[in-house]
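**Student:** Just passing along the structure, written as structure tokens.
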Amino acid sequence: MSVTVNRFTDQDRLGISGKVIANCVDEGRAALIAYLPVGYPSVEDSLDAFRALTDGVGVDLVEIGLPYSDPVLDGVVIQHATTKALRRGVRTRDAFRAAEAVAERGCTPLVMTYWNLIEQYGPDEFARDFKAAGGAGVITPDLTPDEAEVWTAATDKHGLDRIFLIAPSSTDERIASTMASCRGWVYATSVMGVTGTRTTTSSAAPVIADRARRADHALPVGIGLGVSNGDQAAEVAQYADAVIVGSALLGCLDSDGADMPGDLDRLRDLVDELAAGVRRGQE
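Numbering (our numbering), first residue to last: 291 to 573.
The structure is reproduced here in structure tokens:
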């Protein structure tokens, strides 16, 4: 594993979620971040799924997806689930219920949401209410730092981490400026395009991780898009501080929730496999 233990020395910039990742790095492994959308198959079922992510060894951070009507960066699996959730009446406030469910299990909740939903709710109000629910940070995939003045003020006021995205197409200057605006960690997408599981990890992943570290070595780098099993998690953990998994976990849940006990068992089994993978990554 190419990371160096105890290299994150700016505690203020690490925020809450970055410290969780830094602690994992101090243990000699990458952190495991799990994504699921709230409201799928139903709101109550999704709360059970979020809790299941924390069972056993569990994940280190939970990324709560907020369904949106125009999910331009989401792959087919996530689009399908979020469309179902919207049709079944999921609301923004349900993300706060999910955060409470995760925090009650002693795990750290994040939310991933498109900016329009925060803007409609009210940036200050969203930051206030998510923080009150136990939330640690917010990932905004379609918001760039140079357009985030209002959001920066709201997250500073309420003590939330700000996680922005960088991509293989980002210039070195853009990577540096984006990371300078982050608090917690930076989300590095390892492929161009939408989310989804892949049979192999992207060759661009170690490159974007290295570019991020050279631009700003004070923040952890999380790699997302494509990890679907323990072997891939182990591979990405060799060069990432955090491994992000979404579509593969979502694939454990059936759309009608007819066998949630079985679905949750499959979810726990996959989490166990992924958790073992990130721990095997540096061997």
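Idealized CB from N, CA, C, for every residue including glycine.
Considering Thr452, what are the terminal residues of the beta strand (DSSP E) in which it resides?
**Tutor:** Thr is not the amino acid found at residue 452; the sequence shown has Arg there. Residues 451 to 453.
**Student:** Under 8 Å: do the region 517 to 528 and the region 307 to 316 share three or more Cβ pairs, one atom per stretch?
**Tutor:** The region 517 to 528 vs the region 307 to 316: no contact.
**Student:** Alpha carbon to alpha carbon, how far is Ala375 from Thr490? Give it in angstroms, no decimals.
**Tutor:** The predicted model places Thr490 with a pLDDT of 46, which falls under 50 and marks its position as unreliable; any figure quoted below should be read in that light. Taking the straight line from one Cα to the other gives about 29 Å.
**Student:** Would you check if there are 3 or more beta carbon pairs closer than 8 Å linking the region 327 to 347 to the region 526 to 543?
**Tutor:** Short answer: they touch.
**Student:** Evaluate Arg383 with the Cβ neighbour count: other Cβ atoms within 10 Å of its Cβ, from every protein chain shown; 16 or more gives buried, anything less gives exposed.
**Tutor:** Arg383 should be labelled exposed.
**Student:** Going by beta-carbon coordinates alone, are Ile498 and Pro458 separated by less than 7 Å?
**Tutor:** The answer is yes: Cβ separation under 7 Å.
**Student:** For Thr476, which of helix, strand or coil comes out of DSSP?
**Tutor:** Correcting the residue identity first, residue 476 is Val in this sequence and not Thr. In this structure, Val476 counts as strand in the three-state DSSP scheme.
**Student:** Near Ala321, which residues of its chain fall below 6 Å by C-beta distance, leaving aside the five closest residues on each side in sequence?
**Tutor:** Taken in chain order, the residues that qualify are Ile311, Cys314, Asp350, Ala532.
**Student:** I need the straight-line Cα distance from Met550 to Ser332, nearest angstrom please.
**Tutor:** Each residue's Cα considered, the two are about 11 Å apart.
**Student:** Compute the Euclidean distance between the alpha carbons of Asp451 and Asp555, then round it to the nearest angstrom.
**Tutor:** Going from the Cα of Asp451 to the Cα of Asp555 covers about 31 Å.
**Student:** State yes or no: is the C-beta of Glu501 within less than 7 Å of the C-beta of Ile534?
**Tutor:** Looking at the sequence itself, residue 501 is Arg, so the reference to Glu does not match. Not in contact: Arg501 and Ile534 (Cβ atoms no closer than 7 Å).
**Student:** Nearest-angstrom Cα distance between Leu560 and Cys397?
**Tutor:** Going by the C-alpha atoms only, they are around 18 Å apart.
**Student:** Measuring alpha carbon to alpha carbon, tell me which of Arg558, Gly308, Pro357 ends up nearest Leu407.
**Tutor:** The residue with the shortest Cα to Cα distance from Leu407 is Pro357.
**Student:** By DSSP, does Gly318 sit in helix, in strand, or in coil?
**Tutor:** Looking at Gly318 - three-state DSSP - the assignment turns out to be coil, as it is neither helix nor strand.
**Student:** Who pairs with Gly427 in a beta bridge, going by DSSP?
**Tutor:** According to DSSP, which records beta bridges pairwise, Gly427 is partnered with Leu400, Asp451.
**Student:** Inspect the beta-carbon positions of Ser307 and Gly474 and report whether they are closer than 7 Å.
**Tutor:** Contact flag set, yes.
**Student:** Give the DSSP-derived three-state secondary structure of Leu351 in the structure shown.
**Tutor:** It is a strand residue.
**Student:** What does a CB cutoff of less than 7 Å around Leu509 pick up in its chain, not counting 5 residues either side in sequence?
**Tutor:** Once the five neighbours on either side are set aside, the close Cβ partners of Leu509 are Arg303, Gly308, Met469, Cys472, Trp475, Val476.
**Student:** Have a look at Gly346 and Tyr404 and give me their C-alpha separation to the nearest angstrom.
**Tutor:** The alpha-carbon atoms of Gly346 and Tyr404 are separated by roughly 31 Å.
**Student:** Is the Cβ-Cβ distance between Leu455 and Gly427 less than 7 Å?
**Tutor:** Cβ distance not < 7 Å, so Leu455 and Gly427 don't count as in contact.
**Student:** Going by other Cβ atoms of all chains shown within 10 Å of its Cβ, with 16 needed for buried, is Gly552 buried or exposed?
**Tutor:** Label assigned to Gly552: exposed.
**Student:** Take Pro431 as the anchor and find which of Ile453, Ala391, Val568 has the nearest alpha-carbon.
**Tutor:** Here the closest residue by C-alpha is Ile453.
**Student:** DSSP puts Val535 in a beta bridge; with which residues?
**Tutor:** Val535 pairs with Ala324.
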